[in-house]
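In my numbering, the protein residues as written are 358 to 575.
Here a beta-carbon is modelled for each residue, glycine too, at the ideal position from N, C-alpha and C.
In this text, all values refer to a predicted model and were calculated from it rather than measured experimentally.
This report concerns only the one structure given below.
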């Protein structure tokens, strides 16, 4: 079984960042948008580093006829990332009061990245899925953002407890995004990134291209 490296792994944090200064750009004129996350991010989630958006457009061009990417969330302000991480860690502490702090941190990072290295806060990560020509979301096995507990592990990209249709759709999504240079976080089939520390570690790049950013007005 292939080792899954989690965001909490010291190897991820050890990757240096050589910031390129690539700007955060609004994706709403370029991709099909789903607004399920707008209540928390106040529009920030519609932004990505320009290099990430360019690769998503390449990936979309590689999809079979009649399919397109459905964009849900990109950039996440550092304060919001911290809130998500602590909220999930609190849930784990309540469910497992005997777990030490390091185990809580590791378990939480299956679902929410530690704030200090979060790809979303660098504008380098995107949560997305597939839609048909009419904009209807396809079946990829779980609801997006389903936690490991909620989905019985089916949120893992390589999970076996999903339908054949969902597995095939995940393969289509992964082939297009991987061919465009993005990497998947294997505990979340919907999470893909380019230019962040996790991407650098997975691809052997000497450094990340993007570090955490603040977006004016968010």
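- Restricting attention to beta strand (DSSP E) runs no shorter than 3 residues, the region 414-438 encloses them at 424-430, ordered along the chain.
- In this structure residue 369 touches residue 555 by the C-beta definition: roughly 6 Å separates them, less than 8 Å.
- Contact between residue 382 and residue 404 holds, since their C-beta atoms are separated by about 6 Å, short of 8 Å.
- For residue 459, the number of other beta carbons within 10 angstroms of its own is below 16, and it is reported as exposed.
- DSSP places residue 519 in the coil class of the three-state scheme, outside both helix and strand.
- Using a Cβ-Cβ distance cut-off of 8 Å, the region 466-475 and the region 437-452 are in contact, since at least three pairs of beta carbons, one from each stretch, lie closer than that value.
- For residue 549, the three-state secondary structure derived from DSSP is strand.
- Secondary structure of residue 541 (DSSP, three-state): strand.
- Using a 10 angstroms sphere on the CB of residue 430, the tally of other CB atoms reaches 16 or more, which defines it as buried.
- In this structure residue 489 is in contact with residue 424, their Cβ atoms being roughly 6 Å apart against a cut-off of 8 Å.
- Rounded to whole angstroms, the gap between the alpha carbons of residue 571 and residue 379 is 13 Å.
- Below 8 Å, too few C-beta pairs join the region 502-521 and the region 408-426 to call them touching: fewer than three.
- Counting only runs of 4+ residues, the alpha helix (DSSP H) found wholly inside the region 430-510 occupies 435-452, 458-465, 505-508, in chain order.
- With fewer than 16 neighbouring CB atoms inside 10 Å of its own CB, residue 451 falls in the exposed class.
- With a 10 Å radius around the Cβ and a threshold of 16 neighbouring Cβ atoms, residue 361 comes out exposed.
- For residue 558, the enclosing alpha helix (DSSP H) has its first and last residue at 554-560.
- Short of 8 Å from the beta carbon of residue 416, and not among the five residues preceding or following it, lie these beta carbons of its own chain, in chain order: 426, 533, 534, 536, 537, 539.
- Comparing alpha-carbon positions, the option among 502, 525, 406 lying closest to residue 445 turns out to be 502.
- In the DSSP assignment, residue 368 falls within the unbroken alpha helix (DSSP H) covering 367-370.
- Checking the DSSP bridge columns, you'll see residue 389 partnered with 427.
- Secondary structure of residue 384 (DSSP, three-state): coil.
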